[in-house]
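Asker: So that we are looking at the same thing, I have put the structure below in structure tokens.
Protein chains in written order, with the numbering used here: chain A, 2 to 234; chain B, 3 to 208.
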């Protein structure tokens, strides 16, 4: 029976189809976590590194790229059963053997290569700490209602491969808030009348008006005498 | 007003600051798509955040629980029931009676957002079918930039491919967390009704 291998971020339980994407996610989304714990990945579906070599082993060897630094202060206190050599191997040998080179990886993800010590190393030089959670024989994918029934030869559903492709663009990782820091400052509009005036101007004009046009509104409002119904307090 | 804003510049800055505050409250994000060496700005809101906020703050919700009564016929359409009966059964079997499936349609039609001269975008919006059908509310979750056709041979095909890629990446970026919520569910606190686990499913895109 074909089995889907997923890599789960230990910090947010987010699933990825490839270990490089998981490492990239950890580096971008959990930057506040200490590098010693950032690269913890749960491999769901493999019994251990002896079941297959990480896909980056093949890719890294082909590219001849080597990471210069494999931090030695990594790996303390990891839960679960890690590999005897430090639990730092990861990946899907079946995926590598079947030639899933069509999946486009991000620049940072492709930098996850094999270090001098032969360990899987993330882009920032931290070895990945992969735990393995093998499934019992005959059990189906434990992800409810998400896997397509037709599994391809590479071991991933069509949905997961599409998601991997879209994830590799890194659009969401590049996303940032539209507002600037000035929105947290208190302004001068501290009366109900001024707040309502500002809100009306913003809602009615949005950003369609230039600063000159907005300044014209100021002149128009200040030159117009207030009616009796308006309470300037 | 003159006491608060001594100069027109102060008023202009205050308006811009108020606009940024509203943008912050709406949770607007922006990212940049690079397609065929051209950059397209995509402004969006987290779809899951929008859905949850609208759902939890709605005055009337229909959870389609086994004990639900008074559900409008327009919400209990035959096609919707047929499509989700299996999902509903599966979700409740795995997560209990406090889990439910919540469908939502997504639209991005020819509606063009106001063009201020520099941008022209198509709105990406969704609707929650579980809320009051008497007061349907559209939630805008993104503005997909219009991809114009360049001049030259093959420009039409290239623009078509660029439009498709921009659209797919825009939908995925806006609904990235909804995809997870449709699989793993998301907890929602409805106050007096307690906590529920919702599974949001996209049923229609047009």
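Ideal Cβ positions, reconstructed from N, Cα and C, are used throughout, including at glycine.
Quantities reported herein were computed from a predicted structural model and do not represent experimental measurements.
Residue 5 of chain B: buried (16+ other C-beta within 10 angstroms of its C-beta) or exposed?
Answerer: Reading the second chain from its first residue, position 3 is the one you call residue 5 of chain B. The residue is exposed, with fewer than 16 neighbouring Cβ atoms inside 10 Å.
Asker: With contact counted as at least three CB pairs below 8 angstroms, one residue from each stretch, are the region 192-204 of chain A and the region 5-23 of chain B in contact?
Answerer: They touch, by the three-pair rule.
Asker: Excluding the 5 residues preceding and the 5 following residue 41 of chain B in the sequence, name in chain order all residues of the same chain whose CB lies nearer than 8 angstroms to its CB.
Answerer: Translated into positions along the second chain, residue 41 of chain B becomes position 39. Once the five neighbours on either side are set aside, the close Cβ partners of residue 41 of chain B are 34 and 35.
Asker: Between the C-alpha atoms of residue 110 of chain B and residue 147 of chain B, what's the straight-line distance to the nearest angstrom?
Answerer: Here residue 110 of chain B refers to the residue found at position 108 of the second chain. Here residue 147 of chain B refers to the residue found at position 145 of the second chain. If I take the Cα positions, the gap works out to 12 angstroms.
Asker: Tell me residue 32 of chain B's beta-bridge partners as DSSP assigns them.
Answerer: Sequence index remark: in the second chain, residue 32 of chain B carries index 30 (1-based). Its beta-bridge partners are A:177 and B:45.
Asker: Would a check of beta-carbon distances place residue 17 of chain B closer than 9 angstroms to chain A?
Answerer: If you number the second chain from 1, residue 17 of chain B lands on position 15. Taking Cβ atoms only, chain A reaches closer than 9 angstroms to residue 17 of chain B, which makes this a yes.
Asker: Would you please verify whether the beta carbon of residue 198 of chain A is less than 9 angstroms from any beta carbon of chain B?
Answerer: The residue given as residue 198 of chain A occupies position 197 in the first chain. With 9 angstroms as the cut-off, residue 198 of chain A counts as an interface residue toward chain B.
Asker: Return no unless some Cβ of chain A is closer than 9 angstroms to the Cβ of residue 34 of chain B.
Answerer: Numbered from its first residue, the second chain carries residue 34 of chain B at position 32. Cβ-Cβ to chain A under 9 angstroms: yes for residue 34 of chain B.
Asker: In angstroms with no decimal places, state the Cα-to-Cα distance between residue 22 of chain A and residue 159 of chain A.
Answerer: Translated into the one-based positions of the first chain, residue 22 of chain A becomes position 21. Translated into the one-based positions of the first chain, residue 159 of chain A becomes position 158. Using only the alpha carbons, I get a separation of about 17 angstroms.
Asker: Looking at chain A, which residues of the region 171-185 of chain B have a Cβ within less than 8 angstroms of any of its Cβ atoms?
Answerer: Listed by position, the residues of the region 171-185 of chain B near chain A (Cβ gap below 8 angstroms) are 171, 174, 175, 178, 181, 182, 184 and 185.
Asker: Using the rule of at least 16 other Cβ atoms within 10 Å of the residue's Cβ for burial, across every protein chain shown, is residue 149 of chain B buried or exposed?
Answerer: Within the second chain, residue 149 of chain B is the residue found at index 147, counting from 1. Residue 149 of chain B is buried by the Cβ-count criterion.
Asker: For residue 139 of chain B and residue 154 of chain B, I'd like the C-alpha separation in whole angstroms.
Answerer: Numbered from its first residue, the second chain carries residue 139 of chain B at position 137. Numbered from its first residue, the second chain carries residue 154 of chain B at position 152. Going from the Cα of residue 139 of chain B to the Cα of residue 154 of chain B covers about 43 angstroms.
Asker: Return helix, strand or coil for residue 158 of chain A, following the three-state DSSP convention.
Answerer: Taking the first chain and counting its residues from 1, one reaches residue 158 of chain A at position 157. Correct three-state label for residue 158 of chain A: strand.
Asker: My guess is that residue 124 of chain B and residue 52 of chain B are in contact by the Cβ rule of under 8 angstroms, so how many angstroms apart are they, rounded?
Answerer: Counted from its first residue, the second chain places residue 124 of chain B at position 122. Counted from its first residue, the second chain places residue 52 of chain B at position 50. Residue 124 of chain B to residue 52 of chain B, Cβ: 17 angstroms. No contact.
Asker: For a test of the three-state rule: what should DSSP assign to residue 14 of chain A, helix, strand or coil?
Answerer: Your numbering for residue 14 of chain A matches position 13 in the first chain. Coil, per DSSP.
Asker: Chain A beta carbons: is any one of them nearer than 9 angstroms to that of residue 24 of chain B?
Answerer: On the second chain, position 22 is the one that residue 24 of chain B refers to. True, the Cβ-Cβ gap to chain A drops below 9 angstroms.
Asker: Would you kindly work out how many angstroms separate the C-alpha atoms of residue 58 of chain B and residue 192 of chain B, rounded to a whole number?
Answerer: The sequence position of residue 58 of chain B within the second chain is 56, counting from 1. The sequence position of residue 192 of chain B within the second chain is 190, counting from 1. Roughly 6 angstroms between the two C-alpha positions.
Asker: Compare the C-alpha of residue 108 of chain B against each of B:151, B:55, B:61 and B:173 and name the closest.
Answerer: Residue 108 of chain B sits at position 106 when you count from the first residue of the second chain. It is B:173.
Asker: Who are the near neighbours of residue 164 of chain B in its chain, counting only those whose CB is closer than 6 angstroms to its CB and skipping five residues on each side?
Answerer: The residue labelled residue 164 of chain B in the question sits at position 162 within the second chain. Same-chain partners within the cutoff: 37, 38 and 149.
Asker: Between residue 89 of chain B and the rest of its own chain, which residues show a CB-CB distance below 6 angstroms, the 5 nearest in sequence each way excluded?
Answerer: For the purposes of this step, residue 89 of chain B is taken as the residue at position 87 of the second chain. Result list for residue 89 of chain B: 103, in chain order.
Asker: When we look at the beta-carbon of residue 178 of chain B and count the other beta-carbons within 10 Å, is it buried (16 or more) or exposed?
Answerer: Translated into the one-based positions of the second chain, residue 178 of chain B becomes position 176. So residue 178 of chain B ends up on the buried side.
Asker: Verify whether the separation of the beta carbon atoms of residue 49 of chain B and residue 176 of chain B is less than 9 angstroms.
Answerer: As a working note, residue 49 of chain B is residue 47 in the second chain. As a working note, residue 176 of chain B is residue 174 in the second chain. Yes, Cβ-Cβ distance for residue 49 of chain B and residue 176 of chain B is below 9 angstroms.
Asker: For residue 172 of chain A, go through chain B and note every residue whose CB falls closer than 9 angstroms to its CB, in chain order.
Answerer: Here residue 172 of chain A refers to the residue found at position 171 of the first chain. Ordered by position in chain B, the residues that pass the 9 angstroms Cβ test against residue 172 of chain A are 33, 34, 35, 44, 171, 172, 174, 175 and 178.
Asker: Any beta-carbon of chain B closer than 9 angstroms to the one on residue 136 of chain A?
Answerer: Taking the first chain and counting its residues from 1, the one referred to as residue 136 of chain A is at position 135. Confidence at residue 136 of chain A is low in this model, with a pLDDT of 48, below 50, so its placement is unreliable and no value can be given for it.
Asker: Quick one: list the residues of chain B neighbouring residue 195 of chain A, beta-carbon separation under 7 angstroms, in chain order.
Answerer: Counted from its first residue, the first chain places residue 195 of chain A at position 194. Within 7 angstroms Cβ-Cβ: 3 and 6.
Asker: When you compare each of A:179, A:167, A:222 and A:221 to residue 145 of chain B by their alpha carbons, which one comes out closest?
Answerer: Position 143 of the second chain, counted from the start, is the residue given in the question as residue 145 of chain B. Considering only alpha carbons, the answer is A:179.
Asker: Does the CB of residue 177 of chain A have a neighbour CB from chain B at under 9 angstroms?
Answerer: What you label residue 177 of chain A is simply residue 176 of the first chain in a count that begins at 1. So yes, residue 177 of chain A belongs to the interface.
Asker: Run through the region 126-182 of chain B for me and flag every whole alpha helix (DSSP H) of 4 or more residues, listed as ranges in chain order.
Answerer: If we require 4 residues or more, the alpha helix (DSSP H) runs fully inside the region 126-182 of chain B come out as 157-176.
Asker: With 9 angstroms as the threshold, decide whether the Cβ of residue 146 of chain A is near any Cβ in chain B.
Answerer: Counted from its first residue, the first chain places residue 146 of chain A at position 145. Any answer about residue 146 of chain A is weak, because its pLDDT of 33 lies below 50 and its placement is not dependable; what the coordinates show is given next. Cβ-Cβ to chain B under 9 angstroms: yes for residue 146 of chain A.
Asker: Which same chain residues, not among the five before or five after residue 30 of chain B, have their C-beta less than 7 angstroms away from its C-beta?
Answerer: Here residue 30 of chain B corresponds to residue number 28 of the second chain, with the count starting at 1. The answer, listed in chain order, is 45 and 47.
Asker: Can you check whether the CB of residue 199 of chain B is closer than 9 angstroms to the CB of residue 188 of chain B?
Answerer: Within the second chain, the letter at position 186 stands for residue 188 of chain B. Within the second chain, the letter at position 197 stands for residue 199 of chain B. Yes. Within cutoff.
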